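Residue numbers (our numbering): 2 to 388. In what follows, a single structure is set out as structure tokens and then discussed.
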Ligand SMILES: *Cc1c(COP(=O)(O)O)cnc(C)c1O
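See below:
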């Protein structure tokens, strides 16, 4: 099977170093005590990335496992849980909470804007009897980043625990777990970290761990039960065999991520994209809370997504994506995350996008790729050499 150049918002291109890590010799992760040290060391690197002293776990499953495990481990029958919803992943948390017997209350707000903290404040003044609240750091389908830095401390004032999905934010957007008082924050391997699909990782505050350990009723799952990891290091025991090769690869990508100013790179590239898109007369779906890692651009009149996608693939070998649910075929998403987030890649993508629009008969007001290039050059980045 031949593969295209994938410029969707995850999974992300794997560097040669990461691919080599996948082919490394392995030990038995259940039996070899060295593996427990290695796993702990990778967790320490994740703590650096998440800016936390809290306990970190790596689970063998894609991002969704992290979301479900957090809700499953915290929720007891009849617990009231607040679902903070301004997008597809935000809304999706409700299913997990209900599945494990929680009573949900949805704080739904505008899907084109970041969560309005003042509105949430007013809401909480009336109703704040919640065990925990769920929210999404970066809504990947719409490219909206939420002010988790303000929401989590606000929840803390009422003793509400927070669960934050930062699968597509972590590594590309600011994330200060301890400073922002996040109880559980979770990420996935295949987004900004540019590791293979298949791992999720989360940090758990003392309050979150207490809530999990002090449950009245046992957790109704084995695989999703975070309490199963209790004392893993002391006992040198995991609930299941850890995917050692994926963790080798994650370790390599963490070294790459932690050694440079990744967040700044994402910020400059994202700003360049938004500048160029607006100059060209196109409309960005988000109206506030712009993500550093993904931009959803509304398709102009006359542009049909499957046709554009076909032109981009056939003539440039690039796989482009639209979005999910209500945004399917309404937007094209530019995934500028992780290893994909370079001036050169984005220039190439914008060139292909422009070409596909022209071929579909859409005229742009200005050249996308050249404006992008000019804008990032102002900030010391370039589209020619590998930046
Ligand atoms: C990618 C992603 C996940 C994981 O889900 P997928 O099945 O890989 O799409 C969870 N939350 C967010 C915000 C994501 O972007």
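Heads up, the beta-carbon is just placed ideally off N, CA and C, and yes, glycines get one too. This structure is a prediction, so every number in the text was calculated from the model and none was measured.
Could you give the residue range of the alpha helix (DSSP H) that holds residue i?
{"i": "residue 106", "result": "First-last for residue 106: 104 to 109, but that is the beta strand (DSSP E), not the alpha helix (DSSP H)."}
{"i": "residue 189", "result": "Counting along the chain, residue 189 falls outside any alpha helix (DSSP H), though it belongs to the beta strand (DSSP E) covering 185 to 189."}
{"i": "residue 96", "result": "89 to 100"}
{"i": "residue 20", "result": "17 to 23"}
{"i": "residue 66", "result": "64 to 75"}
{"i": "residue 121", "result": "118 to 127"}
{"i": "residue 43", "result": "34 to 51"}
{"i": "residue 149", "result": "149 to 158"}
Would you mind giving the Cβ-Cβ distance between residue i and residue j, rounded to the nearest angstrom? I have them listed as a contact below 8 Å.
{"i": "residue 251", "j": "residue 43", "result": "6 Å"}
{"i": "residue 174", "j": "residue 90", "result": "Contact flag wrong, Cβ pair sits at about 15 Å."}
{"i": "residue 64", "j": "residue 201", "result": "5 Å"}
{"i": "residue 266", "j": "residue 342", "result": "6 Å"}
{"i": "residue 37", "j": "residue 253", "result": "That belief does not hold up - the Cβ atoms of residue 37 and residue 253 are roughly 19 Å apart, past 8 Å."}
{"i": "residue 14", "j": "residue 7", "result": "7 Å"}
{"i": "residue 146", "j": "residue 170", "result": "7 Å"}
{"i": "residue 148", "j": "residue 199", "result": "Residue 148 to residue 199, Cβ: 30 Å. No contact."}
{"i": "residue 249", "j": "residue 23", "result": "7 Å"}
{"i": "residue 115", "j": "residue 272", "result": "The Cβ separation is near 17 Å, so there is no contact."}
{"i": "residue 97", "j": "residue 108", "result": "Incorrect: roughly 17 Å between the Cβ atoms, too far for contact."}
{"i": "residue 325", "j": "residue 142", "result": "5 Å"}
{"i": "residue 290", "j": "residue 361", "result": "The Cβ separation is near 30 Å, so there is no contact."}
{"i": "residue 234", "j": "residue 41", "result": "6 Å"}
Label residue i either buried or exposed according to how many other C-beta atoms from any shown protein chain fall within 10 Å of its C-beta, with 16 as the threshold for buried.
{"i": "residue 379", "result": "exposed"}
{"i": "residue 35", "result": "exposed"}
{"i": "residue 344", "result": "buried"}
{"i": "residue 366", "result": "exposed"}
{"i": "residue 197", "result": "buried"}
{"i": "residue 385", "result": "exposed"}
{"i": "residue 191", "result": "buried"}
{"i": "residue 298", "result": "buried"}
{"i": "residue 370", "result": "buried"}
{"i": "residue 275", "result": "buried"}
{"i": "residue 18", "result": "exposed"}
{"i": "residue 56", "result": "buried"}
{"i": "residue 260", "result": "exposed"}
{"i": "residue 268", "result": "buried"}
{"i": "residue 372", "result": "buried"}
{"i": "residue 120", "result": "exposed"}
{"i": "residue 184", "result": "buried"}
{"i": "residue 10", "result": "buried"}
{"i": "residue 218", "result": "exposed"}
{"i": "residue 12", "result": "buried"}
{"i": "residue 214", "result": "exposed"}
{"i": "residue 101", "result": "buried"}
{"i": "residue 223", "result": "exposed"}
{"i": "residue 29", "result": "exposed"}
{"i": "residue 2", "result": "exposed"}
{"i": "residue 27", "result": "exposed"}
{"i": "residue 105", "result": "buried"}
{"i": "residue 293", "result": "buried"}
{"i": "residue 69", "result": "buried"}
{"i": "residue 122", "result": "exposed"}
{"i": "residue 364", "result": "exposed"}
{"i": "residue 327", "result": "exposed"}
How would you write the range of the beta strand (DSSP E) that residue i sits in, first residue to last?
{"i": "residue 163", "result": "162 to 166"}
{"i": "residue 171", "result": "Unbroken run through residue 171: none, as it is neither H nor E."}
{"i": "residue 136", "result": "133 to 137"}
{"i": "residue 56", "result": "56 to 61"}
{"i": "residue 371", "result": "Looking at the DSSP string, residue 371 is not in any beta strand (DSSP E); the run it does join, the alpha helix (DSSP H), is 369 to 379."}
{"i": "residue 81", "result": "81 to 86"}
{"i": "residue 297", "result": "295 to 299"}
*Using 8 Å as the Cβ pair cut-off and three pairs as the minimum, do the stretch 175 to 184 and the stretch 150 to 166 touch?*
yes
Every unbroken beta strand (DSSP E) inside the stretch 204 to 283 [3 residues or more]: none
Start-end ranges of the beta strand (DSSP E) lying completely within the stretch 302 to 361, minimum 3 residues: 332 to 336
Please confirm if the stretch 70 to 87 is in contact with the stretch 40 to 55, defined as three or more CB-CB distances below 8 Å between the two stretches.
no
Do three or more CB pairs link the stretch 329 to 337 to the stretch 286 to 298 at distances below 8 Å?
yes
Taking one C-beta from the stretch 135 to 148 and one from the stretch 79 to 90 each time, how about it: are there three or more such pairs within less than 8 Å? yes
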